[in-house]
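To convert a position in the sequence shown, counted from 1, into this note's numbering, add 26. We put the CB at the ideal spot given by N, CA and C, even for glycine. Bear in mind the structure is a predicted one, so any value in this text is a computation, not a measurement. Comments concern the structure below.
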Amino acid sequence: MKPYTLHTFKHTAPDDGPKGWCAAVGFFDGVHLGHRYLLQQVKAEAAARGLLPMAVTFEEHPRLALTPTRYWPELLTTNKEKLALLRQEGLAACAVLHFDHAMSMLTSQEFMQKILGEGLGVKCLLVGYDHHFGSDLSAGFKDYVRQGRALGMEVLREQPYEQHDLRISSSATRRFLSGGNVEMARACLGRPYALSGTVVRGHHEGTALGFATANLRPDCAEQLVPGRGVYAAWGLLHGFRYPAMVNIGWRPTLDNGTDQTIEAHLLDYEGGDLYGEGLQLQFMYRVRDEKRFDSRDDLVAQLQVDARHVKSLLQS
């Protein structure tokens, strides 16, 4: 079995055309604006050298593969979403590495030679400003250049992408989302942050309050859920888009304990129940913190205010 799977996006070369690849290596979680800036450079350098542009990524986060019982970053995208986003960047292909203990033991030179060179045929490698690979953690860009030269592989360095003095990264995006700042996360990603999943049965309290909700179970258990609060989002269902009022949290007024839920009230939806249906939520704005109300009547009054606010935000 090969240590990677090659996903070909499009064929841009005639039979006697470009030979080899120009590539960038990274986990590319979120495929945020910084990643997209790097991939634009990959395409430009590939075109200048008669090569094809490619992203090299990983099937699962290396920390998860090596230390499954310890902390790893919560994901911004599933593998399926990541591949779809990389395809949209106009690359010719994406190689997904099956990262395991054996691969983790490769030095940077061995990784460049066995995986990138002999395995994938990479002729030009772009390295992000803060990216490192290989078991020799002390190796850096100058070492990659020297090792690449010995392998006949050109190694180039890219600069970080910054927007309005904000250094964009996957970790920064995670921090924004964990704090409920979906607006800043949207600025990093260049699109709304999204959670996809299946509608499952909940506590039916929303229906009793006059605000029927779809209780979302995310498809990917490792994907990051924004911090507790009420959000204005778009709900994508059956090919249609609905304004959605989303509550993430413990529903303190209804004594939900520590059972966190993701509940979406689709404001203009008039169909039947959605149990078992696929639903995607695209988070646009944070409306307010989650809070406990003195009574159900107070909660209903606030939900009515929230619904009007959500519609106003999404129509602006």
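Contacts around residue i, its chain only, beta-carbon distance under 8 Å, and the 5 residues preceding and following it disregarded
i, result
"Val313", "Gly255, Val256, Tyr257, Ala258, Met271, Asp332, His335, Val336 and Leu339"
"Gly205", "Gly253"
"Gln328", "Phe319"
"Gly228", "Thr239, Asn241, Thr287 and Glu289"
"Leu142", "Ala49, Val51, Val82, Val148, Leu151 and Met179"
Residue i and residue j closer than 8 Å at C-beta
i, j, result
"Tyr170", "Tyr63", "no"
"Gly154", "Glu184", "yes"
"Met138", "Gln173", "yes"
"Leu112", "Phe54", "yes"
"Gly223", "Arg243", "yes"
"Tyr268", "Ala121", "no"
"Glu209", "Tyr311", "yes"
"Gly60", "Leu102", "no"
"Glu107", "Leu65", "no"
"Val251", "Leu221", "yes"
"Lys213", "Gln189", "In the sequence under discussion, the amino acid at residue 213 is Ala, which differs from the Lys named in the question. Going by C-beta atoms, Ala213 is nearer than 8 Å to Gln189."
"Asp308", "Trp260", "The residue asked about is misnamed: residue 308 is Gln in this sequence, not Asp. Closer than 8 Å, so yes."
Neighbourhood of residue i by C-beta distance below 6 Å, restricted to the same chain and skipping five residues each side
i, result
"Leu262", "Gln306"
"Ala211", "Thr199, Phe202, Leu203 and Tyr219"
"Glu303", "Val225"
"Asp162", "Thr133 and Ser134"
"Phe237", "His291 and Leu329"
"Met131", "Ser161"
"Leu182", "Leu152"
Contacting residues, own chain, Cβ-Cβ under 7 Å from residue i (five flanking each side not counted)
i, result
"Gln67", "Leu152 and Glu184"
"Arg193", "Pro186"
"Cys246", "Leu101 and Thr104"
"Gln341", "none"
"Tyr295", "Tyr268"
Inter-residue CB distance, residue i and residue j (contact presumed, cutoff 8 Å)
i, j, result
"Val167", "Ser134", "Residue 167 is actually Phe in this sequence, not Val. Wrong, their Cβ atoms sit about 10 Å apart, outside the cutoff."
"His58", "Leu293", "About 29 Å separates the two Cβ atoms, so there is no contact after all."
"Glu85", "Phe125", "6 Å"
"Leu109", "His157", "In fact, because the Cβ distance is near 20 Å, the residues do not count as touching under 8 Å."
Beta-bridge pairing of residue i - partner residues as DSSP gives them
i, result
"Thr15", "The shown model of the chain, from 27 to 342, leaves out residue 15, and the question about it has no answer."
"Leu242", "Val225"
"His291", "Met271"
"Leu307", "Leu221 and Gly261"
Closer than 7 Å: residue i CB and nearest the ligand PLP heavy atom
i, result
"Phe125", "As far as ligands go, the structure on display features none, and thus does not contain the ligand PLP."
request  = Would you mind listing the beta strand (DSSP E) stretches within the stretch 139-210 that are 3+ residues and don't spill past its ends, in chain order?
outcome  = When DSSP assignments are scanned along the stretch 139-210, the uninterrupted stretches of beta strand (DSSP E) that are 3 or more residues long and fall wholly within it turn out to be 148-153 and 180-183.
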